[in-house]
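Worksheet: the structure to be examined is printed underneath.
Protein chains: 2
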Amino acid sequence: MEKTDAVAALSALAQESRLDVFRLLVSIGREGLPAGQIAERLEIAAPTLSFHLTQLRHAGLIQMRRDGRSLIYAADYDGMTGLMEYLTENCCNGDPAACRIPVCEPQSATLVRRKPRRTIRQ
Amino acid sequence: MEKTDAVAALSALAQESRLDVFRLLVSIGREGLPAGQIAERLEIAAPTLSFHLTQLRHAGLIQMRRDGRSLIYAADYDGMTGLMEYLTENCCNGDPAACRIPVCEPQSATLVRRKPRRTIRQ
DNA sequence: ACTGTATTTCTAGAAAAATAGAAATATGGA
DNA sequence: TCCATATTTCTATTTTTCTAGAAATACAGT
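These protein sequences, in sequence, are chains V and F.
Going by this note's numbering, the first residue of the first sequence is number 1, and it counts up by one from there.
Going by this note's numbering, the first residue of the second sequence is number 123, and it counts up by one from there.
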């Protein structure tokens, strides 16, 4: 991930309505929700929501697909992951134990070390 | 973490200079760096850097301590973790396998499920 | 083709944030 | 105490972002 992409993603999330939208979609999963339902649930005016959805989409944090008259929005988990990785890159000079960051653990996921795989580096 | 705290943290990171500062400090580790060295390395005017450091500090992403005439800044890994957790809360209706997010992998750390003997499929 | 619904784009005014110069504050050393 | 260094606070200007009304577009059903 490039720096400008990370700034775009963070800017997109750094706004109350958009953070609400993103977290709603993250919790919903890949099936997503039509714009109208998002607007209704979060009580955001349609043009305002559309503006925010565009920001999130351009930032690579949500995806859009059409279903009839509705546009369905869903979280982009890959984009989310890319952002997390960018923020924690070279964490503690490469010692993950020093800054262990557990994420996405509703029950039992945890950050652990795995056998090093060969990385293409330059 | 409250929503306003998350927005504050994301706003703090959603700016090129501050993102540079934060990632520099994340890579440096807990010993941190004096403001002057950060300014020098990233080529940011002192008042501007001071403004940005204050933002990051109020957002709970970095910590400050004094050492003689210098003010030393270091990443706040707990604050960082809190933000990650907030963003991934209730991820995919509690199914981490659906949105596995690897973080903090300078070489080889990855997010995995700890006891995946019983996989909850749906 | 016409109608209604879903959503976006256009627009402009209001609010918030970034920048850097000048001045102020805090510390350590002579 | 006086000076130099490190950093911050004050200030004003410029730039960016948020918001929602009005108009436009896309689609499905009749």
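Virtual Cβ for every residue (Gly too), placed ideally from N, Cα, C.
Bear in mind the structure is a predicted one, so any value in this text is a computation, not a measurement.
Close Cβ partners of residue i (< 6 Å) along its chain, the five nearest in sequence each way excluded
{"i": "Q185/F", "result": "A196 and D198"}
{"i": "A46/V", "result": "A39"}
{"i": "G82/V", "result": "M1"}
{"i": "G32/V", "result": "I72, Y73 and A74"}
{"i": "V148/F", "result": "A197"}
{"i": "Q143/V", "result": "Nothing in the structure corresponds to residue 143/V, since chain V is present only between 1 and 122."}
8 Å contact criterion, which residue i and residue j should meet: CB distance rounded
{"i": "A136/F", "j": "L71/V", "result": "With a Cβ gap of about 26 Å, A136/F and L71/V do not count as contacting."}
{"i": "V129/F", "j": "E16/V", "result": "6 Å"}
Same chain, Cβ closer than 7 Å to residue i, five either side skipped, listed in chain order
{"i": "E80/V", "result": "Reading off the sequence shown, one finds Met at residue 80/V, where the question assumed Glu. The residues are L61."}
{"i": "D200/F", "result": "none"}
{"i": "A12/V", "result": "R18, Q55, L56, A59 and L61"}
Counted within 10 angstroms of its Cβ, other Cβ atoms place residue i as buried (16 or more) or exposed
{"i": "H174/F", "result": "buried"}
{"i": "R152/F", "result": "exposed"}
{"i": "R191/F", "result": "exposed"}
{"i": "Y208/F", "result": "buried"}
{"i": "R140/F", "result": "buried"}
{"i": "R66/V", "result": "exposed"}
{"i": "R145/F", "result": "buried"}
{"i": "K3/V", "result": "exposed"}
Check whether residue i and residue j have beta carbons under 9 Å apart
{"i": "A181/F", "j": "D142/F", "result": "no"}
{"i": "L56/V", "j": "A35/V", "result": "no"}
Residues near residue i by beta carbon distance below 8 Å, same chain, minus five either side
{"i": "I150/F", "result": "A196 and A197"}
Self-check item: Every unbroken beta strand (DSSP E) within the region 37-90 of chain V, with a cutoff of 3 residues, ordered by chain
Solution: 62-67 and 70-75
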